[in-house]
Structures are given as C-alpha cells and as structure tokens.
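First comes the structure, then the notes that go with it.
2 protein chains.
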Amino acid sequence: MLKKERQAYILHQVNLHNKVLSSLLSHEIRVSEDTIRRDLQELSEEGKLIKVHGGALSHSFNDVIYAGPSVYSQDQKRIIAEKAAALIENGMFVLTSGGTTIIEMARALPPSLRATFISGSIPAILEYMQHPNIEVIMIGDRVSKNAKITIGAEAIAKIKNINADLCFLGINAIDIKRGTTENDWEIAQLKKIMIDSSRKVVCCTISEKINTLQPIHICNISDIDVLITELPPDAPILKPYIDAGIQVL
Amino acid sequence: MLKKERQAYILHQVNLHNKVLSSLLSHEIRVSEDTIRRDLQELSEEGKLIKVHGGALSHSFNDVIYAGPSVYSQDQKRIIAEKAAALIENGMFVLTSGGTTIIEMARALPPSLRATFISGSIPAILEYMQHPNIEVIMIGDRVSKNAKITIGAEAIAKIKNINADLCFLGINAIDIKRGTTENDWEIAQLKKIMIDSSRKVVCCTISEKINTLQPIHICNISDIDVLITELPPDAPILKPYIDAGIQVL
DNA sequence: TCTATTTGTGCAGGTTTTTGCAGTTATTTA
DNA sequence: TAAATAACTGCAAAAACCTGCACAAATAGA
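Each protein sequence line maps, in turn, to chains A and B.
Residues in the first sequence are numbered consecutively from 25, following my numbering.
Residues in the second sequence are numbered consecutively from 25, following my numbering.
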C-alpha cells in the first residue's frame, strides 16, 4: 500500500469516526506503528487532523467539543426563555427554581409583564429584581452556597403554602421512563414540593439533557404539563414526550 | 478511550449539568478516580471548569457576580467594617440589616470566622455567601426593589423568632435626642424588630450622619449598645454618645 | 543502463506520557 | 471529635513517542 493511499485511508477513517487509534490502524494496514505515527504527524502538520497521544481526532470533533465554554448553549437557552416567557400571563403567580436556563428566562421576560415571581434562587431573584413590573418574593432559609438557593424545612414549608399558577423548573436530566432527575438531594426535594404547589408544571431544558439520567428522582413524566426545549416541537427526539401527553413547545 | 476524548466528554457533562462528581465520572468512563482527578485538574488549569472537592462545576454557573453600587465614602466604611468585624466571635448568631456600610463589613470579615449571619438584604447575603466558614440564613418575603431587601409580615414574624447575639444596623441618621431614624417605613419596622431580637445592638454609620434626622423613628439612644464610626472614639462629636452610656468604637 | 540520491519503512534504544495503586494527608460531615 | 471521603505523593508498569540508523525501493541524471 502506497503512502498516499494509506494517508487517504487514515483521513477517511478520521472523518468517519472522529477518532483513530495508532495501534488499531497499524494492525489494520499492517505497517508499523512508527509509520502510522509519521503519517499522523504529517497529516497533522497539514492541518487535516489533530494528533493526540495514542492516535488522532478529527477537526470537527474538536470544534464541537471545545465550542467556547462561556457561550455554551447560550442561544439555545435564549430560545427556551422566549418560549417560556410566552406562557406567563399578567397577574400570575409563578414559582421558579434556579439554574442557568431559568436565569436566561428571567432576562427574557417582556418588560410589560405584571406578575409575581417566587423563588429561593438568589441569582434568579437578582434577575427578577431588574424588572420594572414584577413583584418578587424570596423564599427564605439557610443559603446553600453551591446551589445559591435557600434550602431547608422552612423553605419547604413555605413553598407548600403557595398556590402558584405556573412552576418553571430548569431541569438537569429528563427521561421518558424515569422522569426528571437531579444530582442534588436538597434541590430535588425543593423541586418536588414546587411541583405539588403549582397548577401547571413547565420543564425547561436544552435538548442535550433529554434522555439523560441523574441519581435522584424528582418526578414522573406524568407530573409534567409542558416541556420546553430549544428544538421545534416536531423534532423526533420529542415525539415520545408528546405521546406521553406532555405539551411540547 | 483517548485522554483528549475523555476530557472532552467531561467538559461536555460539566457544561450540560453544571456539575460533575469524580466518582460518577470514573464509573461512567471506567477509569480510576485518580485519572478523573488529573483530568479535572488540567481542565481547571486551562480555565475550562472549576474544580471543587469531589468533582467540578461549570464556570458559567458560578460567575454570578453582583456588581454592587460603587460605594460612597468607601475608605471610611472600610474602617467601620474592621471595627465591626472585631466584635464578632466564633459561633455567634448575627442579624444584619442592609446598606453599604454593612456590605463593606461583610467583605472585611476574616476568613477564619465561623458564625451564622441572618439577613434579608440581598446584597449582604451575596457577600456572606463568598465566605468559606459562614452559615448564611436568608429571611424570605416580598422583595423591595429599591432597598434590595425582603420586607413584609412574614419577614417580621421570622425575625421575631430569632435570638441573635449581635445585631448590626447600618443607620441613616442618628441624634442624641431622637435616637436613630430612617426614611423608609418598612425598613424602619424591620430594624425595630431586629433590635428587639438581639442581645446586643451595634450601629454602624459614617460620622456625617451623626446628629442628623429622618422622618421615621426606629429606636432611642438607650436601645443602642455600641456605636461604630470611622472616627477615633475620642472625637468630640462622639462625646455625648459616650456620656449617654453607649460603647463607642 | 547504472550509479547517486532521495524517500519510505522498520527496528533498537532511550525518553516521555499515561495510568493505576498504595500510603499518607486533607477535608467534609455526622 | 471520629469516621468517611477525597486529594495528594511517589512509584512502577505499560503504552506511546522520539531519534538515529540501516536497508530497501523509487527516482534522477549521466
């Protein structure tokens, strides 16, 4: 096998699988690993792939993964925020969790909206405070420094006494079988109570979190009324949720 | 699985869920926790995430910074803050109002201090949250956008149930005859209750506010235990307060 | 065609990277 | 404060890498 031919094959494999292993290639093409290494070296110098210890990665792979961390899925969250904001009507009582998606939503609320927002999330409260016509209610209790939210018996008791029209949850993981799950026990407790205290439950999440799991169970799919993602409602991945009776926006 | 690939996966999970646990990741990817730790270490050095005990956090989640209003007469307030911080001992329950003076104090607290701070002031809570050893309790209720503090019957009832060791009040006006006064009725109510709920009342103010008046009465001079200003205790303007039995720092 | 030169390949060795493990030290939490 | 968990340190083995070299194949020029 000629050198050019070999390198073309390697490139093909890289573009196909986004990654190749030197050891595998050497076995496949029946040349020494040194040769493969030299090929990868050359291709890397030509910018055709990215050489790493043990093999190489496709350039597109790297693009996808290292997309700027600061703006990670920001646009998606903006879209979600706008869909969510459209659900809120004047005079409503809205209970919300914390999380970046919810905070984006807070920013996207139309200035004319008059409603009451209730939350224990400090970053969320800060956002709500910026709005001219929103009444803000803070749920008090011990402050969790990690989650930047108030948690504890007091907070739970308080939420129990609320009858909200809407509940917006930024969720960490949702699965058609297991429902929504969370990785923090106390936040999970809070979200459970919030669901109980609201007439209508709206889950907001970017589509990547769909069909993923976390250790702690919050609620079943049947407890959710509306699911909002950045995708159009007819996206295939959302079909099962629609079939399960959830309104998908 | 290649190292780069693994790190990309970790980064993806962090950005997706805002938080990852070393133990979970090591199980998922089937490598030792040491390897995960090393990956997190590297990613953290590259600024792609924030490493914490047990796992890592996404950067975007944690950088909720509240750019407080540029504080008026900052240096004086710094001096006050240091005097005030010296009064707090480990294990104390401290009730505080809001106000720029109090926020400066929050910043001046020594990192080793272990105490519980209770407040309804959102900027103050944000500062307390920065501290490693302080337990923070938020008093919940309707949020006053002007004062950035929670006010209402709920908050008052909550404070009434507290028995604090110390109460720090940033005050707006103090006068030897009329005591401390305020220009916001609701904040005045809160401060009154805070005074009732604390063993020791500390008033912090810059000297400009001494011998001034505001419309709403909070408490009399006799209700104050300690007065802190940026001036040395033997300043002439403070003499009447010392004579009235107040400890002046 | 025949030599000289370049190019490609594999190998021996020594070096670096990566990874897991054991033992110790910090940190967290009950 | 003590037990549990996580982090750090140093080490060792495996894998991958690099360097220089030998040799074969391809190429070029006379």
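Using N, Cα and C, we set each Cβ at its ideal position, and we do this for glycine too.
Check                                                                                                                : Outcome
Sequence ranges, alpha helix (DSSP H) only - wholly within the segment 196-236 of chain B, length at least 4         : 209-220
Three-state secondary structure (DSSP) of Thr174(A)                                                                  : strand
C-beta neighbour in chain B for Arg61(A), strict 8 Å                                                                 : no
Check: Ala132(B) C-beta below 7 Å from any heavy atom of the ligand NAP                                              : With respect to the ligand NAP, the structure shown offers nothing to examine, as it has no ligands at all.
Contact under 8 Å by Cβ, Ala168(B) with Glu210(B)                                                                    : For clarity, residue 168(B) is Ser in the given sequence; the question names Ala instead. In contact: Ser168(B) and Glu210(B) (Cβ atoms closer than 8 Å).
Minimum Cβ-Cβ distance from Leu40(A) to chain B less than 8 Å                                                        : no
His41(B): first and last residue of the uninterrupted beta strand (DSSP E) it sits in                                : Note, His41(B): premise wrong, no beta strand (DSSP E); alpha helix (DSSP H) at Lys27 to His41.
Gln65(B) burial status per 10 Å Cβ neighbour count (16 or more: buried)                                              : exposed
Nearest-angstrom Cα separation, counted from Gly203(B) out to Met116(A)                                              : 43 Å
Through-space distance from Ala32(A) to Ser68(A), alpha-carbon basis                                                 : 13 Å
Separation of Ile161(A) from Arg166(B), as counted between CA atoms                                                  : 4 Å
Three-state secondary structure (DSSP) of Ala259(A)                                                                  : coil
Opening and closing residue of the alpha helix (DSSP H) in which Arg166(A) lies                                      : Unbroken run through Arg166(A) is the beta strand (DSSP E), Asp165 to Ser168; no alpha helix (DSSP H).
Partners in chain B for Thr124(A), counting only beta-carbon separations shorter than 9 Å                            : Asn42, Ser82, Ser84 and Phe85
Proximity below 8 Å, CB of Pro135(B) to CB of Asn157(B)                                                              : yes
Neighbour flag for Asp165(B) against chain A, beta carbons, 8 Å                                                      : yes
Partners in chain A for Glu159(B), counting only beta-carbon separations shorter than 9 Å                            : Arg166 and Val167
Nearest candidate by alpha-carbon position, reference Ile217(B), set Asn185(B), His51(B) and Tyr152(B)               : Asn185(B)
Ala188(A) - DSSP class collapsed to helix/strand/coil                                                                : strand
Sequence-distant residues of the same chain with beta carbon closer than 6 Å to Ser84(A), five excluded per side     : none
Cβ-Cβ separation, Asn42(B) to Thr124(A) (assumed contact under 8 Å), whole Å                                         : 7 Å
Limits of the beta strand (DSSP E) - the one that Met162(A) falls within                                             : Ile158 to Met162
Cβ-Cβ separation, Ile248(B) to Cys227(B) (assumed contact under 8 Å), whole Å                                        : 5 Å
Closest by C-alpha distance to Pro256(A), when choosing among Arg223(A), Ser221(A), Gln100(A) and Pro239(A)          : Gln100(A)
Run of the beta strand (DSSP E) containing Thr253(B), from where it starts to where it stops                         : Note, Thr253(B): premise wrong, no beta strand (DSSP E); not H, not E.
Beta-carbon neighbours of Met25(A), restricted to chain B and to distances below 8 Å                                 : None at all; the shortest Cβ gap to chain B is about 25 Å.
Close-in-space but distant-in-sequence residues of the same chain around Gly79(B) (CB under 7 Å, 5 per side omitted) : Lys43, Val44, Leu45 and Ser46
Buried or exposed by the 16-neighbour rule on C-beta atoms within 10 Å, applied to Gly269(A)                         : exposed
Outcome for Ile266(B) when other beta-carbon atoms lying within 10 angstroms are tallied against a minimum of 16     : exposed
The alpha helix (DSSP H) enclosing Ile126(B), as first and last residue numbers                                      : Thr124 to Ala132
Contacts that Thr174(A) makes with chain B (C-beta to C-beta distance below 8 Å)                                     : Met162 and Gly164
Rounded straight-line distance, which links the Cα of Ala132(A) to that of Ser246(A)                                 : 28 Å
Bounding residues of the alpha helix (DSSP H) (the contiguous stretch that carries Ser50(B))                         : Ser46 to Ile53
Straight-line Cα distance separating Val76(A) from Glu29(B)                                                          : 10 Å
Given Arg102(B) as reference, the closest of Ile195(B), Met129(B), Ser82(B) and Pro264(B) once Cα atoms are compared : Met129(B)
DSSP beta-bridge partners of Gln271(A)                                                                               : Val250(A)
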